[in-house]
Every structure is written in C-alpha cells, then in structure tokens.
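In our numbering, the protein residues as written are 1 to 287.
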C-alpha cells in the first residue's frame with residue numbers, strides 16, 4: 001500500500017507515503033541495506049521489476065511528478081543515503097543520477113521558491129554521496145565528486161544552495177513541530193525528523209568541502225604529502241565528531257521520550273490506584 005501511495009498522482013498520498021517510508025528506515029541501518037535488494041513490479045506492462053531506489057529516481061526525474069512528490073522522494077532518498085554507504089553505492093551506480101542532481105543544482109530558478117528548495121535538497125543528496133562514499137564506484141569516488149562539484153557547480157555556489165534549506169521558513173517550522181499536522185498543502189513539505197537529519201549533517205558536508213579550499217598557490221608552499229595526510233585526518237575527525245554529536249542528540253531525544261513515558265506511566269498507575277480505591281469504596285457501600 002505504501003508503494004501504491006508513493007506512486008500515486010494524489011499529492012497527499014504520495015507525500016505521506018514518502019515521509020512514512022523515510023521514517024521506517026531512518027533509524028534502522030539493517031533495513032536500509034535490506035530494501036536495496038527488494039524489487040517491485042509497478043505495472044503489468046513492464047517486463048522487469050525495479051528496485052525501490054530505481055523507482056524513486058524515476059519519480060524524481062519524471063517531469064510530470066508534482067512538487068510535493070519530488071520533495072517526498074528527495075526526503076526519502078536523503079534519509080536512505082545518510083549513514084549508509086551501500087545505499088550511496090547503489091545510488092551512484094544508477095545511470096545519470098549525479099548528472100541529474102548537478103543539472104538541478106545549476107538550474108536558474110529566480111523567484112521560484114519551490115524550485116530553489118528542490119535545488120537545496122538535491123545539494124544535500126549530493127553532499128551525502130560525498131560524505132558516506134565507500135569509493136566502490138570509481139567514476140564517482142569521493143575525490144571525483146569533489147572535483148565535479150568544484151568544476152561543474154563551484155564549491156561556493158554548492159554551499160550556498162545547500163544552506164538555502166536552513167534559511168527556509170518550512171525548515172524553521174518543521175523543527176518546531178515534532179508532531180506532524182497537515183491542515184494545508186504548505187504543511188506537506190518538510191517534517192521534523194528530516195529537518196533534524198539535515199541540521200546534523202549539513203555541517204559535515206560543508207567541512208568536507210572547505211578542507212580542500214586551499215588555493216593552488218598555497219599548496220605549492222606546503223609539502224603535498226603531509227598536507228594530504230593532515231587534511232584526511234582533519235576530515236575524518238570532523239566527520240566522526242559530527243556523527244558523535246548526531247548520536248548524542250539522538251540519545252538525548254530518547255532520554256526525553258523515556259522520561260515522558262515514565263511520567264505517563266506513573267500518572268496512569270496513580271489513576272489505576274485511584275480507580276481501585278473508588279471500586280473498593282463502592283463495594284463497601286453495597287455491603
């Protein structure tokens with residue numbers, strides 16, 4: 001049913017299904033890996049089934065897909081790519097995915113807030129491919145992607161597009177609304193869980209790119225080998241620190257939820273005791 005909703009032309013069904021899929025895999029590394037192998041026959045006309053990753057990319061690149069569908073697909077894909085090198089490897093192995101992201105990021109979208117938001121999400125997806133790359137796809141290794149971003153987009157422009165999401169009113173609203181409420185179409189853009197994911201990893205992507213922003217002139221004055229090692233160590237430390245911070249934030253969130261559950265449990269236990277006492281009083285009156 002989720003896949004049917006995901007493929008639906010109805011914007012509510014497609015957006016909600018995409019967000020639910022993202023929530024299902026968000027904190028489950030094994031599930032992220034497992035669904036890479038699942039195939040779906042989406043109609044009887046097609047002779048071969050497609051993976052969920054291929055279906056998602058088709059939806060994203062389909063010119064008839066609505067804005068809300070593309071947003072939901074990007075949220076799902078970004079959630080899938082985060083902390084999952086196998087998902088990144090699969091994404092990179094599908095033809096034209098990176099070229100599509102680059103074309104979207106570089107497109108002119110003056111005055112079109114929706115397309116600008118899409119560009120920012122595409123930048124985030126590309127950044128995640130950089131951040132969690134296992135270098136198994138040689139044409140899109142970490143080094144190759146950095147070079148592509150620098151040559152085809154420009155690092156400063158990429159970072160500018162990436163940061164747009166953090167300045168969006170939809171992002172600010174999502175961070176303030178842990179409980180999803182859908183009363184109008186503008187509520188179907190970003191959700192709390194994804195906003196937190198973006199907030200956690202955006203800095204790691206920026207750090208990974210800016211570490212290579214030393215000018216070529218400066219590089220000639222520094223020993224290349226030691227510089228490369230220092231940069232790799234710094235990058236690794238930054239990534240690890242960001243991941244540790246992400247895990248710490250998740251732990252704090254779980255602790256808050258646990259505290260709330262304990263409080264609710266105590267409240268319900270007190271209510272049960274009160275009800276038992278009232279029942280005993282009623283019994284005494286009836287005797």
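Cβ atoms here follow ideal geometry from the backbone N, Cα and C, with glycine treated the same way.
Because the structure is a prediction, the values reported are computed rather than measured.
- Separation of residue 177 and residue 31 (C-alpha to C-alpha, rounded to the nearest whole angstrom) is 26 angstroms.
- CA-to-CA, the gap between residue 25 and residue 56 works out to about 15 angstroms.
- Uninterrupted alpha helix (DSSP H) stretches at least 4 residues long and entirely within the stretch 142-190 occur at 142-148, 155-164, 169-175, given in chain order.
- Counting C-beta pairs with one atom in each stretch, the stretch 137-156 and the stretch 191-203 have fewer than three that are closer than 8 angstroms, which means they do not touch.
- Residues of the same chain with a CB within less than 8 angstroms of the CB of residue 145, apart from the 5 flanking positions on each side, are 98, 126, 129, 130, 133 in chain order.
- The beta carbon of residue 197 lies closer than 8 angstroms to those of 26, 78, 79, 82 in the same chain, with the five residues before and after it left out.
- Inter-residue distance for residue 20 and residue 147 is about 35 angstroms (C-alpha atoms, whole angstroms).
- According to the DSSP assignment, residue 54 belongs to the alpha helix (DSSP H) that extends over 52-61.
- A distance of 8 angstroms or more separates the beta carbons of residue 117 and residue 185.
- The DSSP-derived three-state label of residue 194 is helix.
- Annotated three-state conformation of residue 40 is strand, per DSSP.
- Rounded to the nearest angstrom, the Cβ distance from residue 122 to residue 108 is 14 angstroms, too far for a contact under 8 angstroms.
- Residue 208 and residue 18 have their C-alpha atoms spaced approximately 29 angstroms apart.
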